[in-house]
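Report on the following structure.
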Amino acid sequence: MAMTRSDLDRVPVVATFLTRRGRVLLLRRSDQVGTYRGRWAGVSGYVERVPLEQAYVELQEEVGLGREDVRLCGVGVPVRVDDEAEGRHWLVYPFLFVLKPGREPRPDWESVESRWVAPDEVASLDTVPGLPQVVAGVWPPFGSPALWRAAEQIAADRLSGATHLALQALRAFGRFCRTREAAVSRVRAARALASLRPSMGVLPHVMALALRPSPAGPGVAARALTHATDRVAALTARALADARCVLTHSASAACEAALLAWAKAHPKSEVIATESRPKLEGAALAHRLAARGMRVKLITDAQMGIVVREADAVLVGADAITDDGLLVNKAGTRLAVLAAGDAGVPVYAACQTHKIAPPGWPIVLEHQDPADLSSSAGLRVCNVAFDVTPLEWFTSVITERGPLTDALLAATRARLARSALLPSKGR
154 MAMTRSDLDR VPVVATFLTR RGRVLLLRRS DQVGTYRGRW AGVSGYVERV
204 PLEQAYVELQ EEVGLGREDV RLCGVGVPVR VDDEAEGRHW LVYPFLFVLK
254 PGREPRPDWE SVESRWVAPD EVASLDTVPG LPQVVAGVWP PFGSPALWRA
304 AEQIAADRLS GATHLALQAL RAFGRFCRTR EAAVSRVRAA RALASLRPSM
354 GVLPHVMALA LRPSPAGPGV AARALTHATD RVAALTARAL ADARCVLTHS
404 ASAACEAALL AWAKAHPKSE VIATESRPKL EGAALAHRLA ARGMRVKLIT
454 DAQMGIVVRE ADAVLVGADA ITDDGLLVNK AGTRLAVLAA GDAGVPVYAA
504 CQTHKIAPPG WPIVLEHQDP ADLSSSAGLR VCNVAFDVTP LEWFTSVITE
554 RGPLTDALLA ATRARLARSA LLPSKGR
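In our numbering, each residue's number is its place in the sequence shown (first place is 1) plus 153.
Have a look at this one:
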């Protein structure tokens, strides 16, 4: 899984496959599409929202099938596909769905032919680049209804933070590990859960921990993440000891706990909270902090550059740390850090080491539903929900082991590199 280029520079797409009676549906692309005309592909499309949600959109648009017509039975690790001849570099999110009895796909203008083929026949066809590898990543079907319900919930959740979703994934994985199928599909289940949210490095990290041999496992990984969150909060509150006003952006379990602990020691302190679009999770955080008796001022995201000079410190959380030293967090974080640097205000990130993505794991900036911004016809809406900030721009990135150092990063990545979660370690 070694990266040949930044995944942030790749074009994310979904490749969705329908299956029935041991075969998968392929579509031959029409002359009206923009790329790879005349070649065989799955139901595919550019990612404009969370990938699993995008897969459902493409099924509806390209083959006329709704959620009620299919059943999820496979989620694959994103596949890097390099088409050097065309100068195109893709990150492909694979999904597999069982077509329910009595339903039939109705291909639209994007294809001129459809064919049900055995998976081992795919390599013999003139396909879009990388298709055999993408199909192999989700074949054969597997998983219990409970596993896929949990996966759907994690993919659809727009309000919970990455730590909460990671704990939810660990609970789902723990339940799956108690089924008979876990004997042969345990790694595949972990990979599926790890692949649901493109910007959340904590999901593949905790799945890698959960795959470790006994006495490790989902329960141990969940307790370790909870302990790390508590420890990060305590250390962050200590780092804020001299501050009387803190500006925070987005919502983070570790940041919220840190702010509550800090305010307890400084009763006259104040938090400035951005509303944090697109889902206003920062506004929800502001209301929770106010309900606990804290002094809180709520501002729009666009006011960060104006108001940051009132703060003694800026505090943000993290969703991932990438291989190339970037901290991923809710969109607007980079602007907050830049504004703070211009104003001479220190910036802290509360970040459990669990947010460090396994080496080579694809991390890209998650899009969310364009309708969250506008559904007006004629508008091209872009709703990127996360951004990246270089680690060196922070005054300190605070982990449960203290400030993040190069040595801590290297040691954490070395442990993760041995995990069975990574496709390079075997199927």
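All residues carry an ideal CB built from backbone N, CA and C; glycine is no exception.
Note to self: Just to check my reading of the structure: A473 and M353 have Cβ atoms closer than 8 Å, yes? What is that Cβ distance to the nearest angstrom?
What the structure shows: 6 Å
Notebook entry, point to check: Which two residues bound the contiguous alpha helix (DSSP H) that contains F329?
Noted result: 315 to 330
Checklist line | Minimum length 4: unbroken alpha helix (DSSP H) runs contained in the segment 394 to 468 | finding: 406 to 418, 434 to 444, 457 to 460
Next item on the list: Measure the CB-CB distance between R397 and H380 and report whether it falls below 8 Å.
Entry: For R397 and H380, no; Cβs fall outside 8 Å.
Checklist line | Rounded separation between V234 and Y246 - CA only | finding: 11 Å
Check: Using a Cβ-Cβ cut-off of 7 Å (strictly less than) and excluding sequence neighbours within five positions of V337, which residues of its own chain qualify?
Finding: none
Item checked: Alpha carbon of V196 to alpha carbon of L557, nearest angstrom -> The alpha-carbon of V196 is positioned some 42 Å away from that of L557.
Check: Where E266 and P272 are concerned, what is the direct C-alpha to C-alpha distance, given to the nearest angstrom?
Finding: Cα to Cα, E266 sits roughly 18 Å from P272.
Note to self: Quick check: A361 and P515, are their CB atoms within less than 8 Å of each other?
What the structure shows: For A361 and P515, no; Cβs fall outside 8 Å.
Next item on the list: May I ask you to report which of helix, strand or coil DSSP gives T169?
Entry: strand
Margin query: Taking DSSP's pairing of strands, which residues face P247 in a bridge?
Written below: Beta-bridge pairing links P247 to A168.
Next item on the list: Answer yes or no: do L451 and A439 have a C-beta to C-beta separation smaller than 8 Å?
Entry: yes
Next item on the list: Return yes when the Cβ of V461 is within less than 8 Å of the Cβ of A492, no when it is not.
Entry: yes
Item checked: For G327, the nearest candidate out of S429, R533, A363 (CA to CA) -> Residue A363 is the option with its Cα nearest to G327.
Item checked: Rounded Cβ spacing between T382 and H402 (contact assumed at less than 8 Å) -> At roughly 18 Å, the Cβ-Cβ gap does not stay under 8 Å, so T382 and H402 are not in contact.
Check: From which residue to which residue does the alpha helix (DSSP H) around T389 run?
Finding: 371 to 392
Note to self: Check this for me: beta carbons of W415 and L393, under 8 Å apart or not?
What the structure shows: yes
Check: Alpha carbon to alpha carbon, how far is A496 from S159?
Finding: 31 Å
Check: Between the Cα of R333 and the Cα atoms of R344, P366, P357, S297, which residue gives the shortest distance?
Finding: S297
Notebook entry, point to check: Roughly how many angstroms separate the alpha carbons of T542 and R487, rounded to a whole number?
Noted result: About 5 Å.
Notebook entry, point to check: Do L468 and C408 have their CB atoms nearer than 8 Å?
Noted result: The Cβ-Cβ distance between L468 and C408 falls below 8 Å.
Note to self: Among the candidates A335, T506, R190, whose CA atom is the shortest distance from the CA of A567?
What the structure shows: T506
Notebook entry, point to check: Can you check whether the CB of F539 is closer than 8 Å to the CB of A484?
Noted result: yes
Item checked: Environment of I307 [buried if 16+ CB atoms lie within 10 Å] -> buried
Note to self: Using the Cβ count rule (16 or more neighbours within 10 Å means buried), how would you classify C535?
What the structure shows: By the neighbour-count rule (16 or more Cβ atoms within 10 Å), C535 is not buried but exposed.
Note to self: Assuming the contact rule is C-beta atoms closer than 8 Å, R268 and L179 should be a hit. Round their C-beta distance to whole Å, please.
What the structure shows: 5 Å
Item checked: beta strand (DSSP E) runs wholly inside the segment 473 to 504, at least 3 long, in chain order -> 479 to 483, 500 to 503
Notebook entry, point to check: Are the beta-carbon atoms belonging to T137 and L378 less than 8 Å from one another?
Noted result: Because residue 137 is not part of the residues shown, which for the chain are 154 to 580, the question remains open.
Item checked: Straight-line gap, P231 to L346 (C-alpha atoms, nearest Å) -> 12 Å
Check: Under 8 Å between the Cβ atoms of A374 and L323?
Finding: yes
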